[in-house]
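A.B. asks: Quick note, the sequences are listed as chains A and B, same order.
In terms of the working numbering, the first sequence opens at residue 275 and continues consecutively.
In terms of the working numbering, the second sequence opens at residue 99 and continues consecutively.
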Amino acid sequence: MNKIVYFTLLFLILLFLQVFVLNNILFLGYVNPYLYIAFVFLFPLNKNRFLFLLLAFLLGLGLDIFSDSGGIHAFATLFIAYVRLFFIKLYFRKYEADYPFFDIHTESFGKVFNYVVTLTIIHHFILFTFANFSFQNITYVVFNTLFSSVFTLVLYFIATFIFTKKQ
Amino acid sequence: MQQLIYFFQKFKYFLFFLLLQFIALAITFNNLSFQKSKFVNSANAISGGLYSQVANISDYFSLKSENEILLEENTHLRNLLELKNIVSLNKDSAIVDSILYFQKYTFLNANIIKNSYANAFNFLTINKGKNQGLHREMAVVNSKGIIGITDNSTSNYTRVQSILNKNSSINARLKNNRYFGSLKWNGENYNVVQLIDIPRQAPIKVGDTIETGGRSAIFPEGILIGSVIKVNNTSTVNNSIDVKLFNDMSNLGPVYVIKNLHKLELETLENTNNE
C-alpha cells in the first residue's frame, strides 16, 4: 500500500477514534485509553525527522483543539516522538544505517513490549501532570498514569494482534 | 559564522523540537487564563461542526430522560404561574407591564454538543454563537442548576467554562439567609464543588440549599446550585464547605444561556468606583 496514503489515513482515523470514541469511555469516572500515540510507534524511522516531529505535534494539537486542553497533548506527544530514537537505540540496538529496514512488526515481542510500555508511561505521566497543573493531587496523577497506561497498552496490543497480517 | 551554521546543522532537530514544545507550552498557559485562547479551542468551525454532527446522532439516546426533565420543569413553571395569578387579583388596578420595563435578563436555548468533566480544567461546547447573539461572560444554566460561563464565541459555536474548572469562581449564597461566599472546584469529584470564604458565624447545616448570589453581573439571583453535604468544623483559613450539585454534570443536554441587559451599566459603575 502507498505509504503516504496509509499514514494519512492512520493519522485521521486515530485522531477521530480518540476524540469521538475513546475520550468518552471514562472507565470508573476517569480512566481513558489514549490509543492515538500508536502513530508514534508505527511511523517509520527516517533520517530526516522534521516531518515526523511536525506530524506528532499536529496530532497532539488536533486532540487539544477537540478536547479544549490547551497544548498538553501536543507537548506530551512531541516529547515521546523526540525521545523515540533514544529508546530504539536502547532496546533494539538499531543505528542510522538500519532505519530503512526497521519494522516494528518483525521485531521480537519482548523488545517491542519494553519499547511501547516505556513510551506510553512517559507520555501519560507528562499528560496527566500538565492536565492537573498543580502539586495538590499527585496521587491522582500517579494512579491515572498507571490505570490509563494499562488500558492503552491492552488496547494497543489487541489492535496490533488483530490488524497485523499473518505470514 | 561557520561555527554557527555548524551548530544549527548539528542540533537542528533538537532546536525544532524546542520550538514546537515552546509553542505547545504557550498554548497551554494561554488556555489556563480565561478568554485568552482564541484559536486552540473546540468552538471553531471544524471541530464545532463535527461535534454537532455527532451530537445530532447521540441526542436520540437521551430523548426520554430529556422529555421527563422538560415535563418536570413545565410543571414547576405552571405552578409558579398559578401563584402569580392569585397575587395579581389582589393588586391595584394600575398595571405596569413589567416585561417591557423591568426586564433585566433574556434567555436563549442551546444544546451541549461536547461535554467534559473528568479533567481539572473542563470546558463544554454549545451550538449557538455570535450569530445568535452570544458573546463572552454569559451565564449557562439548565432547569436543575448552574453549568458555567461562556468563554469564547465563534459565529456558530461557543465554548463554556464549566463550574468544574479550577479557574471558575462564582458568587453563591445560602438560600435561607444572606451569607455569601464563592464557589470553586478542587478538581476531585465531579458531583461535589466547594463553597469557600463564607463567614464563620453563618449558621450552616448539612442539607442546606446553596444558590447563586446575584452579586455578579453574570448570574441572576437565586438560581439553584446544590445542597451542603459536609461542613468543616475546624477553623481553617478559607472555611471550605462541600456542596453536592443538583445537576449531574456527566449527563447534560439542552441548556439556557442568560444575557444580562444591565451588564454594561453595572460594569461601568463598578469600574468608576475603583479609580
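Cβ atoms here follow ideal geometry from the backbone N, Cα and C, with glycine treated the same way.
If you're wondering where the values come from, they're calculated on a predicted model, not measured in any experiment.
1) Could you please give me the residues that DSSP links to residue 324 of chain B through a beta bridge?
2) Quick check: the stretch 247-265 of chain B against the stretch 137-150 of chain B, are there 3 or more CB pairs under 8 Å?
3) Does residue 432 of chain A come out as helix, strand or coil in the three-state DSSP assignment?
4) Which residues in chain A sit within 7 Å of residue 113 of chain B, going by Cβ to Cβ distance?
5) When we look at the beta-carbon of residue 202 of chain B and count the other beta-carbons within 10 Å, is it buried (16 or more) or exposed?
6) Would you mind stating whether residue 390 of chain A and residue 403 of chain A have Cβ atoms separated by less than 8 Å?
7) Inspect the beta-carbon positions of residue 257 of chain B and residue 338 of chain A and report whether they are closer than 8 Å.
8) List, in chain order, every chain B residue whose beta-carbon is nearer than 7 Å to that of residue 300 of chain A.
9) What is the rounded straight-line gap between the Cα of residue 289 of chain B and the Cα of residue 330 of chain B?
10) With 8 Å as the threshold, decide whether the Cβ of residue 331 of chain A is near any Cβ in chain B.
11) May I ask you to list the residues that DSSP assigns as paired with residue 250 of chain B?
12) Is residue 325 of chain A close to chain B, meaning its C-beta is less than 8 Å from at least one C-beta of that chain?
13) With 7 Å as the limit, tell me which residues of the stretch 367-379 of chain A have their beta carbon closer than that to any beta carbon of chain B; keep them in chain order.
14) Just grab the DSSP bridge partners of residue 243 of chain B for me.
15) Does any C-beta atom of chain B lie closer than 8 Å to the C-beta of residue 348 of chain A?
16) Taking Cβ-Cβ distances shorter than 9 Å, what residues in chain A pair up with residue 257 of chain B?
17) Is residue 211 of chain B close to chain A, meaning its C-beta is less than 8 Å from at least one C-beta of that chain?
18) When Cβ atoms are compared, which residues of the stretch 405-430 of chain A fall closer than 7 Å to chain B?
19) Tell me the residue span of the alpha helix (DSSP H) that contains residue 119 of chain B.
20) DSSP three-state label for residue 380 of chain A, please.
21) I need the straight-line Cα distance from residue 223 of chain B to residue 216 of chain B, nearest angstrom please.
22) CA-CA distance, residue 368 of chain B and residue 361 of chain B?
23) Output yes if chain B places a C-beta closer than 8 Å to the C-beta of residue 339 of chain A; else output no.
24) Taking one C-beta from the stretch 343-362 of chain B and one from the stretch 220-234 of chain B each time, how about it: are there three or more such pairs within less than 8 Å?
25) Using CA atoms only, rank isn't needed, just tell me which of A:285, A:313, A:293 is closest to residue 378 of chain A.
26) So is residue 140 of chain B in contact with chain A if we call contact Cβ pairs under 8 Å?
27) In chain A, which residues lie with their C-beta within 7 Å of the C-beta of residue 145 of chain B?
28) With 8 Å set as the bound, which would you pick, yes or no: does the beta-carbon of residue 356 of chain A sit closer than that to a beta-carbon of chain B?
29) Hey, residue 331 of chain A and residue 281 of chain A: beta-carbon distance below 8 Å or not?
30) Nearest by alpha-carbon distance to residue 148 of chain B: which of A:336, A:327, A:353, A:315 is it?
31) What number of angstroms, rounded off, separates the C-alpha of residue 392 of chain A from the C-alpha of residue 265 of chain B?
C.D. replies: Looking at the coordinates:
1) In the second sequence, counting from the first residue as 1, residue 324 of chain B sits at position 226. Paired residue(s): B:308, B:343.
2) yes
3) Residue numbering aside, residue 432 of chain A sits at position 158 when the first sequence is read from its first letter. DSSP places residue 432 of chain A in helix when its eight states are reduced to three.
4) Residue 113 of chain B sits at position 15 when you count from the first residue of the second sequence. What residue 113 of chain B touches in chain A: nothing, since even the nearest Cβ is about 11 Å away.
5) For this step, residue 202 of chain B is matched to residue 104 along the second sequence. Per the 10 Å Cβ criterion, exposed.
6) For the purposes of this step, residue 390 of chain A is taken as residue 116 along the first sequence, with counting starting at 1. For the purposes of this step, residue 403 of chain A is taken as residue 129 along the first sequence, with counting starting at 1. Residue 390 of chain A is not a Cβ neighbour of residue 403 of chain A, given a cutoff of 8 Å.
7) For the purposes of this step, residue 257 of chain B is taken as residue 159 along the second sequence, with counting starting at 1. For the purposes of this step, residue 338 of chain A is taken as residue 64 along the first sequence, with counting starting at 1. Contact flag unset, no.
8) Along the first sequence, read from residue 1 onward, the residue named residue 300 of chain A stands at position 26. Chain B residues near residue 300 of chain A: 216.
9) Here residue 289 of chain B is taken as the residue at index 191 of the second sequence, counted from 1. Here residue 330 of chain B is taken as the residue at index 232 of the second sequence, counted from 1. Between residue 289 of chain B and residue 330 of chain B, the C-alpha separation is close to 18 Å.
10) Your numbering for residue 331 of chain A matches position 57 in the first sequence. Closer than 8 Å: yes.
11) To locate residue 250 of chain B, count along the second sequence from 1; it is residue 152. DSSP output for residue 250 of chain B lists B:257 as bridge partner(s).
12) Residue mapping note: residue 325 of chain A aligns to position 51 of the first sequence, counting from 1. The C-beta of residue 325 of chain A comes no closer than 8 Å to any C-beta of chain B.
13) From the stretch 367-379 of chain A, no residue has a Cβ closer than 7 Å to chain B.
14) Locating residue 243 of chain B in the second sequence gives position 145, counting from the first residue. Looking at the DSSP assignment, residue 243 of chain B forms a beta bridge with B:240.
15) For this step, residue 348 of chain A is matched to residue 74 along the first sequence. Output row for residue 348 of chain A: interface = yes.
16) By 1-based counting over the second sequence, the position of residue 257 of chain B is 159. Chain order gives the chain A residues near residue 257 of chain B as 342, where near means a beta carbon separation below 9 Å.
17) Residue 211 of chain B sits at position 113 when you count from the first residue of the second sequence. Answer no: the Cβ-Cβ gap between residue 211 of chain B and chain A never drops below 8 Å.
18) 405, 406, 407, 411
19) Start at 1 with the first residue of the second sequence, and residue 119 of chain B comes out as number 21. Per DSSP, residue 119 of chain B belongs to the alpha helix (DSSP H) from 110-130.
20) Counting from 1 along the first sequence, the entry for residue 380 of chain A is found at position 106. Coil, per DSSP.
21) Sequence index remark: in the second sequence, residue 223 of chain B carries index 125 (1-based). Sequence index remark: in the second sequence, residue 216 of chain B carries index 118 (1-based). When rounded, the distance between both Cα atoms is 15 Å.
22) The count along the second sequence starts at 1 and reaches residue 368 of chain B at position 270. The count along the second sequence starts at 1 and reaches residue 361 of chain B at position 263. Those two C-alpha atoms are separated by around 11 Å.
23) For the purposes of this step, residue 339 of chain A is taken as residue 65 along the first sequence, with counting starting at 1. Yes, its Cβ sits closer than 8 Å to a Cβ of chain B.
24) Three or more pairs of CB atoms, one per stretch, sit closer than 8 Å, so the stretch 343-362 of chain B contacts the stretch 220-234 of chain B.
25) For the purposes of this step, residue 378 of chain A is taken as residue 104 along the first sequence, with counting starting at 1. Of A:285, A:313, A:293, the residue nearest in Cα terms is A:313.
26) Counting from one through the second sequence, the residue named residue 140 of chain B turns up at place 42. By this cut-off, residue 140 of chain B is an interface position.
27) Working through the second sequence from its first residue, we reach residue 145 of chain B at position 47. The contacting residues are 339, 340.
28) Counting from 1 along the first sequence, the entry for residue 356 of chain A is found at position 82. At least one chain B Cβ lies under 8 Å of residue 356 of chain A.
29) Walking along the first sequence from the start, residue 331 of chain A turns up at place 57. Walking along the first sequence from the start, residue 281 of chain A turns up at place 7. Going by C-beta atoms, residue 331 of chain A is not nearer than 8 Å to residue 281 of chain A.
30) The count along the second sequence starts at 1 and reaches residue 148 of chain B at position 50. Among A:336, A:327, A:353, A:315, the Cα nearest to that of residue 148 of chain B is on A:336.
31) Translated into positions along the first sequence, residue 392 of chain A becomes position 118. Translated into positions along the second sequence, residue 265 of chain B becomes position 167. C-alpha separation (whole angstroms): 33 Å.
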